[in-house]
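Numbering of the sequence shown is given in the working numbering, commencing with residue 449 and proceeding in unit increments.
Where a beta carbon is used, it is the ideal one built from N, C-alpha and C, also for glycine.
Structure, as structure tokens:
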Amino acid sequence: MRNNRNNHFLILVIGLLLFLLNTTYVGAAEDTKAINVVLDDNYPPYSFRDDHGILQGITIDQWKLFEKKTGIHVRINGMDWNKAYLSMISGEYDVIDTISYNKERATILEFTDSYATIDVPIFSHRNISGISNVSSLLGFTVGVKKGDNSIQFLKENGVKNIVEYDTAEEVVQAAKDQNIVIFTLGKPPALYYMYKMQIQDEFNYSSSLYTSTFHRAVKKGNFELVRTLNSGFAKISTDEYTSINKKWFGISSPSFYEAEIFRSAISIFIIILLVILVLFSWNRTLKRKVEQKTRELDNLIKDLKISESTFRTLFEGSSDGILLMESNQIIDCNPAALELLDYDSKNSIIGKSPWDFSPEKQSNGKDSEEETLEIIKTAQKEGKLKYEWWLRKSDDRIITVEVMMTSILLNGKKIYHSLLRDISDRKHMEQKLQFLSYHDQLTGLYNRRFFEEELKRLDVTRNLPLTIVMADVNGLKLVNDSFGHAIGDELLKKVAKVMTQGCRADEIIARLGGDEFVFLLPNTDAYETEQIIKRIKALALREKVGSIDLSVSFGYETKRNEEEIMREILKKAEELMYKTKLHESPSIRGKTISAIIRTLHENNKREEQHSYRVSALCEKMGRALGLPVGKVEELKTLGLLHDIGKIAIDVNILNKPGKLTVDEWEQITRHPEIGYRILSTVEDMSEMAEYVLAHHEKWDGSGYPKRLKAKEIPLQSRIIAIVDAYDAMTSERSYRSPLLKETAINQLGNSAGIQFDPELLKVFISIIP
449 MRNNRNNHFL
459 ILVIGLLLFL
469 LNTTYVGAAE
479 DTKAINVVLD
489 DNYPPYSFRD
499 DHGILQGITI
509 DQWKLFEKKT
519 GIHVRINGMD
529 WNKAYLSMIS
539 GEYDVIDTIS
549 YNKERATILE
559 FTDSYATIDV
569 PIFSHRNISG
579 ISNVSSLLGF
589 TVGVKKGDNS
599 IQFLKENGVK
609 NIVEYDTAEE
619 VVQAAKDQNI
629 VIFTLGKPPA
639 LYYMYKMQIQ
649 DEFNYSSSLY
659 TSTFHRAVKK
669 GNFELVRTLN
679 SGFAKISTDE
689 YTSINKKWFG
699 ISSPSFYEAE
709 IFRSAISIFI
719 IILLVILVLF
729 SWNRTLKRKV
739 EQKTRELDNL
749 IKDLKISEST
759 FRTLFEGSSD
769 GILLMESNQI
779 IDCNPAALEL
789 LDYDSKNSII
799 GKSPWDFSPE
809 KQSNGKDSEE
819 ETLEIIKTAQ
829 KEGKLKYEWW
839 LRKSDDRIIT
849 VEVMMTSILL
859 NGKKIYHSLL
869 RDISDRKHME
879 QKLQFLSYHD
889 QLTGLYNRRF
899 FEEELKRLDV
909 TRNLPLTIVM
919 ADVNGLKLVN
929 DSFGHAIGDE
939 LLKKVAKVMT
949 QGCRADEIIA
959 RLGGDEFVFL
969 LPNTDAYETE
979 QIIKRIKALA
989 LREKVGSIDL
999 SVSFGYETKR
1009 NEEEIMREIL
1019 KKAEELMYKT
1029 KLHESPSIRG
1039 KTISAIIRTL
1049 HENNKREEQH
1059 SYRVSALCEK
1069 MGRALGLPVG
1079 KVEELKTLGL
1089 LHDIGKIAID
1099 VNILNKPGKL
1109 TVDEWEQITR
1119 HPEIGYRILS
1129 TVEDMSEMAE
1139 YVLAHHEKWD
1149 GSGYPKRLKA
1159 KEIPLQSRII
1169 AIVDAYDAMT
1179 SERSYRSPLL
1189 KETAINQLGN
1199 SAGIQFDPEL
1209 LKVFISIIP
């Protein structure tokens, strides 16, 4: 009996503990304000980094929408997959993304609904045949991504020779370097990197080895977070998901090998090949059986007529331009060639040479006529040749074409069949991509990638002395916070222009990112470098962006002998630049704040008058409270600056005569935080920044942005709150007329102990004139 009571008691205790644990978890999930997410940063197009190292892709865009829909702040960190997985297991993150489900992982993680299906085929070098399923991999070495689901699948099916790489890109790079000839990888990142490395034609791929699904996963047992994730992503509409997928997958188009043009070209080639075979067969037969000559000759003539008719149909109907040449002269062309060269009649083309429709020089600098003769010799020797060529249209415009020249027999004569395809748009895009890969998109200067390559190239004896100049734009963050990133971008572009004007044409200027620039100056000593810097500073003094002065801090170091290490030179230049910035930056920040106040007052005269009245009343309050002279002056200055954050608020919202929308009110409530960020950049205004941040807090804790209450609110902020409210009530506003002094005092009194410090309010009422 006693044992039964003990058992019942034990069950009751266990049940109570489970209830408390569950309650704790639910509370934690309901109070979720931020989620830390880790994912694979090398899995295009789902998640990968751009040239600046910034995460992008389908998964990133989905998380941004999740954040917008749910209001939960999401912090995303990307890294190698295996490292991401181990970090999640060790409890460093709340959620892991881009993860496939398997039974082993399900023992330590809870999985959300799937959001993507990933095919995982086998990729094998084109010289290897017979690779179609997992059984055909036995005995081969297979490359995989470290920590990938495919490792377990291969091992379960008896494949033991597995080589692991940290990222999908490294797997494909290993295939390109021929370190591996077979690998398994998710189809999207595999094809992305194969095309990027231009090895797509070197490898075949099978049907799916298996199909996996992408999920998001959390710590085992955290069902509430799983529900939060599922419900949050469910708020994203089908159209929004479709838009994201279109952005990263694009609209698919048929393969070149599936296109009608390719099939037509193959048909022409086969027919021509058949003609050659028939001619060859006839010639052999003629030698052996002279007595059948007449009969076979008749049959051959019939076949040739049929073949020529077919060839002519394909020739005239081809959508690609075709030129037929004999003895370096064009003997025929099809309608597509006329359209390509912009001529109305074949007579304008037939009888002329190919170089008559080409510029004097080709893209490689060689003479067009000499290059044509070399190409014909090569085609004659090898039978066919594919190359790119510059053609000149009738209006002298130059286009780039891809030419497939083939040596054929037509009517018993050896001629050259040249198929022309206009690739001007493709070449233009390639050039644009090439430019973007080495240039900063905002300023047009070189980027970090180009700088690092040039640093290696120029680090040779003949370029000594070689000087590196580091430059940093002062006050950029302050400008961005105050005037917006558009003005910050204009500032960067103006700085880039000044630097370009101040340097010599052969000197390299690159933007490393953000507000940092670097110069590479070959054969330039310290004296010459000083002159360049002086020139740039002089030019900068003449330029402004709105009311903002240009200010750049410089530091440089010169390599004078081969023994010095270039990275150390760069480090010294950077250190000197930061030392210079310590002296120059505070001054420019002070000037920028003055420019901000000026701009705010120029755009809104009512705000200017309001600031001066608040400043005067603050000074009176400071004296009435018996504050020291320095604190009274500080309070007076605070009155002038308390609304500095409104520089970032649309002037139409500030002056709106009607009721503000929820959105507009949210923008207004941001101004204390913006003012705080602006003033906190100036070293001796850090305390004042705190006062500005808190000047809309309320005595009962219902204010913003931090919901401070009572004496948690700084004294100066409590004074500003009273003075600001009084002046707002007794002044002309866009949405109402000023209140009488007595009415305003009554309203202030009604808010004593709620919005305002009741003791300070008594002092204020006593000093009102």
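Check, Outcome
"Under DSSP, the beta strand (DSSP E) around Phe496 begins and ends at which residues?", "Ser495 to Arg497"
"Just to confirm before moving on: does the CB-CB distance between Phe965 and Ala974 stay below 8 Å?", "no"
"Quick one: give me the first and last residue of the alpha helix (DSSP H) that Ser572 is part of.", "Element bounds for Ser572: not the alpha helix (DSSP H) but the beta strand (DSSP E), Ala564 to His573."
"Relative to the C-alpha of Arg1015, which candidate in Ala665, Lys904, Lys880 and Ser572 has its C-alpha closest?", "Lys904"
"To the nearest angstrom, how far is the alpha carbon of Ile847 from that of Ser767?", "17 Å"
"With a 10 Å radius around its C-beta and 16 neighbouring C-beta atoms as the bar for buried, classify Glu552 as buried or exposed.", "exposed"
"Across which residues does DSSP place Cys781 in a beta bridge pair?", "Leu771"
"My guess is that Leu906 and Leu893 are in contact by the Cβ rule of under 8 Å, so how many angstroms apart are they, rounded?", "Going by Cβ atoms, the distance from Leu906 to Leu893 rounds to 17 Å, so no, they are not a contact pair."
"Would you call Asn922 buried or exposed, if buried means 16 or more other Cβ atoms sit within 10 Å of its Cβ?", "buried"
"Ends of the beta strand (DSSP E) at Asp545?", "Val543 to Ser548"
"Starting from Val1211, follow the alpha helix (DSSP H) in both directions and report where the run begins and ends.", "Pro1206 to Ile1215"
"For Thr854, collect the residues of the same chain with a Cβ closer than 6 Å to its Cβ; drop the 5 residues on either side in sequence, then sort them by chain order.", "Lys832 and His865"
"Would you call the segment 798 to 806 in contact with the segment 764 to 780, where contact means no fewer than 3 C-beta pairs closer than 8 Å?", "yes"
"Which whole-angstrom value is the C-beta distance of Ile1044 and Ser930, which I expect to be below 8 Å?", "5 Å"
"Name the two residues that bound the continuous beta strand (DSSP E) containing Ile916.", "Leu914 to Val921"
"At the level of alpha carbons, what is the spacing between Phe457 and Lys481?", "For Phe457, the pLDDT reaches just 46, beneath the cut-off of 50, and the residue's location in the model is therefore unreliable, although a value from the coordinates is still provided. Going by the C-alpha atoms only, they are around 39 Å apart."
"Go through the segment 998 to 1024 residue by residue and report every complete run of the beta strand (DSSP E) that reaches 3 residues or more, in order.", "1000 to 1007"
"With a 10 Å radius around its C-beta and 16 neighbouring C-beta atoms as the bar for buried, classify Tyr641 as buried or exposed.", "buried"
"Please report the straight-line C-alpha distance between Lys1029 and Glu672, rounded to a whole angstrom.", "49 Å"
"Indicate whether the contact test is met: 3 or more Cβ pairs, each with one atom in the segment 575 to 582 and one in the segment 591 to 599, closer than 8 Å.", "no"
"Of all the options Arg1155, Lys1104 and Asp1175, which has the alpha carbon lying nearest to the alpha carbon of Ile1202?", "Arg1155"
"Tell me which same chain residues have a C-beta within less than 7 Å of the C-beta of Ser572, skipping the five on either side of it?", "Ile579, Val629, Ile630, Phe651 and Asn652"
"Contact defined as beta carbons within less than 8 Å: I believe Leu939 pairs with Ile996. What is the distance between those atoms, to the nearest angstrom?", "7 Å"
"Is it right to say Asp625 is buried, meaning 16 or more other beta carbons lie within 10 angstroms of its own, or is it exposed?", "exposed"
"Helix, strand or coil for Ala707, going by three-state DSSP, please let me know.", "Low confidence applies to Ala707: its pLDDT is 44, below 50, so where it sits in the model is not reliable, and the reading given next is rough at best. Ala707 falls in the coil class under three-state DSSP."
"Hey, out of Met1136, Arg1166, Ile566 and Asn1052, whose CA is closest to Thr661's CA?", "Ile566"
"Exposed or buried, which one is Val1080 when buried takes at least 16 other CB atoms within 10 Å?", "buried"
"Can you check which of these residues, Thr972, Glu515, Gln882 and Ile520, is closest to Arg910 by C-alpha distance?", "Thr972"
"Please determine, among Glu1011, Gly1003 and Asn1009, the residue with the shortest C-alpha to C-alpha distance to Lys1019.", "Gly1003"
"Taking the C-alpha atoms as reference points, what is the distance between Leu821 and Gln740?", "42 Å"
"Would Leu1075 and Leu1086 qualify as a contact pair, given that the criterion is a beta-carbon distance under 8 Å?", "no"
"Grab the span of the beta strand (DSSP E) containing Trp837 for me, first residue to last.", "Lys832 to Arg840"
"Assess, as a yes-or-no matter, whether the segment 722 to 729 is touched by the segment 546 to 561 under the definition of 3 or more beta carbon pairs within less than 8 Å.", "no"
"Taking Cβ positions, are Ile719 and Phe763 nearer each other than 8 Å?", "no"
"With a threshold of 16 other CB atoms inside 10 Å of the CB of Pro1217, please say whether the residue is buried or exposed.", "exposed"
"Under the rule that 16 or more other beta-carbon atoms within 10 Å means buried, what is Phe514, buried or exposed?", "buried"
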